[in-house]
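Residue numbers (the UniProt record's numbering): 1 to 69.
For reference, the structure is listed below as structure tokens.
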């Protein structure tokens, strides 16, 4: 499994933008791939920085490339 940094580097090289780690975590959570919630999350029912819909396909492609989803 790749690290978030490796996923971010792949996206930056391929698509030219920096994906936030919270966006990656949001997509992994939506696919049921997270084990727990972050301990520094203020509200367990709401994300402070959800993944923007226009960035979602690119991040999902990166996660598929690394076989994380």
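For each residue, glycine too, the CB sits at the ideal point set by N, CA and C.
Local conformation of residue i per DSSP, three classes
i, result
"residue 70", "As shown, the chain starts at 1 and ends at 69. That puts residue 70 outside it, with no answer to give."
"residue 27", "helix"
"residue 12", "helix"
Backbone CA spacing between residue i and residue j [nearest angstrom]
i, j, result
"residue 75", "residue 17", "There is simply no residue 75 to check, as the chain begins at 1 and stops at 69 in what is shown."
"residue 35", "residue 28", "10 Å"
"residue 6", "residue 53", "22 Å"
"residue 48", "residue 30", "15 Å"
"residue 21", "residue 8", "8 Å"
"residue 64", "residue 50", "20 Å"
"residue 2", "residue 24", "12 Å"
N-terminal and C-terminal residue of the alpha helix (DSSP H) that residue i is part of
i, result
"residue 60", "56-65"
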